[in-house]
Amino acid sequence: MSAITLDRVTVRVSVDGRPAPKTLLQELSLDLTERRIGVIGANGSGKSTLLRLLNGLVAPSDGTVRVDGADTVRAVREVRRRVGFVFTDPLSQLVMPTGREDVELSLRRSLRNAAERRARAESVLDRFGLLPLADQSIYELSGGERQLLALAAVLAVDPEVLVLDEPSTLLDLRNRELLRRTLSGLRQQVILSTHDLELAQDMDRVLVVDAGKIVFDGDPAAAVAHYRALSAAGLPTAGLPTAGLPTAGGGSRGDSAPGAGGQRVPGAGGQGFPGAGVRGGTPEQARLGKP
Numbered sequence: 020m021s022a023i024t025l026d027r028v029t030v031r032v033s034v035d036g037r038p039a040p041k042t043l044l045q046e047l048s049l050d051l052t053e054r055r056i057g058v059i060g061a062n063g064s065g066k067s068t069l070l071r072l073l074n075g076l077v078a079p080s081d082g083t084v085r086v087d088g089a090d091t092v093r094a095v096r097e098v099r100r101r102v103g104f105v106f107t108d109p110l111s112q113l114v115m116p117t118g119r120e121d122v123e124l125s126l127r128r129s130l131r132n133a134a135e136r137r138a139r140a141e142s143v144l145d146r147f148g149l150l151p152l153a154d155q156s157i158y159e160l161s162g163g164e165r166q167l168l169a170l171a172a173v174l175a176v177d178p179e180v181l182v183l184d185e186p187s188t189l190l191d192l193r194n195r196e197l198l199r200r201t202l203s204g205l206r207q208q209v210i211l212s213t214h215d216l217e218l219a220q221d222m223d224r225v226l227v228v229d230a231g232k233i234v235f236d237g238d239p240a241a242a243v244a245h246y247r248a249l250s251a252a253g254l255p256t257a258g259l260p261t262a263g264l265p266t267a268g269g270g271s272r273g274d275s276a277p278g279a280g281g282q283r284v285p286g287a288g289g290q291g292f293p294g295a296g297v298r299g300g301t302p303e304q305a306r307l308g309k310p
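My numbering numbers the first residue of the sequence shown as 20 and each following residue consecutively.
Next up, the structure:
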């Protein structure tokens with residue numbers, strides 16, 4: 020299992036019109052060694068920035084991030100060979116007209132021979148049940164098929180770590196279940212952010228991010244309960260139904276269980292990512308190991 024280490028990592032970004040930079044993540048120190056790790060938190064809390072640190076799409080303003088000892092700034096090519104990244108919207112990542120061509124693009128650096136590349140691409144597509152759709156336009160595929168195709172394109176190069184940024188956000192119930200089953204069968208270490216709390220509870224460890232800080236780190240069920248309470252804190256209650264809202268004791272009114280409780284990336288075509296602008300990048304760079 021890969022070991023990813025964040026040592027006192029802070030990420031800041033300049034914002035137009037502001038004299039001081041905005042801090043996106045503050046003094047994070049983590050050792051990520053579990054097979055399945057989830058990251059949950061509100062929009063804007065820093066989840067995506069945290070994930071993009073892991074394969075060098077974002078570089079720390081202070082501190083270091085290492086993947087099996089490789090620094091994500093100094094050894095970004097090596098890191099991106101080890102860490103595959105799947106974006107929220109597969110159409111931001113699928114840059115070729117068909118699935119076959121897109122998987123072959125992923126294999127371009129590792130397989131120079133066109134016939135070998137085509138055979139490997141077909142094998143990967145068949146593994147995910149996508150071979151019959153290999154020559155269809157990506158715009159003719161369903162949301163679930165596109166997400167599986169994006170996953171297949173990243174896994175074609177056999178990374179050691181798979182990072183997914185809110186992979187279930189655009190999926191219906193059936194395709195969310197298909198994604199969960201697919202992820203559970205992978206040999207890779209999986210680190211994902213999500214608003215799907217059922218998916219989060221499939222993990223071995225869950226981090227809760229709030230205002231750029233890790234406010235909980237541990238058991239998935241406890242992490243989800245903490246996030247529910249955090250989300251409900253400070254909500255107006257006058258005139259609103261109380262069923263399902265967490266109580267002070269962590270349960271919910273009218274229920275014995277714990278209380279109830281994505282940013283889109285730019286489109287394909289080589290646009291840079293916004294935000295912690297120390298690096299940026301494109302989906303193609305993330306997939307092909309380019310700095």
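C-beta atoms are modelled at their ideal positions from N, C-alpha and C, and glycine is treated no differently.
Here the C-alpha atom of LYS232 lies approximately 23 angstroms from the C-alpha atom of VAL105.
Looking at the DSSP output, ARG31 bridges to THR42. DSSP places VAL143 within a helical segment (H, G or I) once states are collapsed to three. In this chain, GLN207 is not harboured by any beta strand (DSSP E), its DSSP state being neither H nor E. Unbroken beta strand (DSSP E) stretches of 3 residues or longer found wholly inside the stretch 47 to 111: 55 to 60, 81 to 86 and 102 to 105, given in chain order. Counting only the Cα atoms, ALA39 lies some 43 angstroms from LEU205. Contact between GLY57 and VAL234 does not hold, since the beta-carbon distance rounds to 14 angstroms and is not under 8 angstroms. The beta-bridge partner set that DSSP reports for VAL228 consists of GLY60 and ILE233.
Apart from the 5 residues on each side of it in sequence, ARG71 sits with its Cβ closer than 6 angstroms to the Cβ of VAL77 in its chain, given in chain order. ASP121 carries a helical assignment under DSSP once its states are collapsed to helix, strand and coil.
With 16 or more other Cβ atoms from the protein chains shown falling within 10 Å of its own Cβ, LEU174 counts as buried. Non-local beta-carbon contacts of MET115 in its own chain, meaning distances under 7 angstroms to residues more than five positions away in sequence, involve ASP121 and LEU124 in chain order. Taking 8 angstroms as the cut-off, the Cβ atoms of LEU149 and ARG136 do not count as close. Comparing alpha-carbon positions, the option among LEU160, ALA230, ASP177 and GLY162 lying closest to VAL143 turns out to be ASP177. VAL180 is not a Cβ neighbour of GLY60, given a cutoff of 8 angstroms. The stretch 197 to 212 makes no contact with the stretch 28 to 43, as fewer than three CB pairs between them are under 8 angstroms. Within the model, the alpha-carbon separation for VAL102 versus ALA169 is close to 15 angstroms.
For LEU174, the enclosing alpha helix (DSSP H) begins and ends at 162 to 174. The continuous alpha helix (DSSP H) containing LEU218 extends over residues 216 to 219.
Comparing C-alpha distances from GLY237 to each of GLU53, VAL34 and LEU73 shows the shortest one belongs to GLU53. Pairing LEU73 with LEU49 gives a Cβ-Cβ distance that is not under 8 angstroms.
Boundaries cannot be given for LEU150, as no alpha helix (DSSP H) includes it and DSSP labels it neither H nor E. Only buried fits ALA172, as 16 or more other CB atoms lie within 10 angstroms of its CB. Close CB contacts of SER212 within its chain, under the 6 angstroms cut and outside five residues either way in sequence, are with VAL58, LYS66, LEU70, ASP184 and GLU185 (chain order). Here the alpha carbons of LEU218 and LEU192 stand approximately 12 angstroms from one another. ASP35 counts as exposed, since fewer than 16 other beta carbons sit within 10 angstroms of its beta carbon.
Residue environment for LEU254: exposed (fewer than 16 other C-beta atoms within 10 angstroms of its C-beta). In terms of Cα proximity to ASN194, the closest of GLN112, ASP221 and SER161 is SER161. One Cα belongs to LEU167, the other to GLU159, and the distance between them is close to 14 angstroms.
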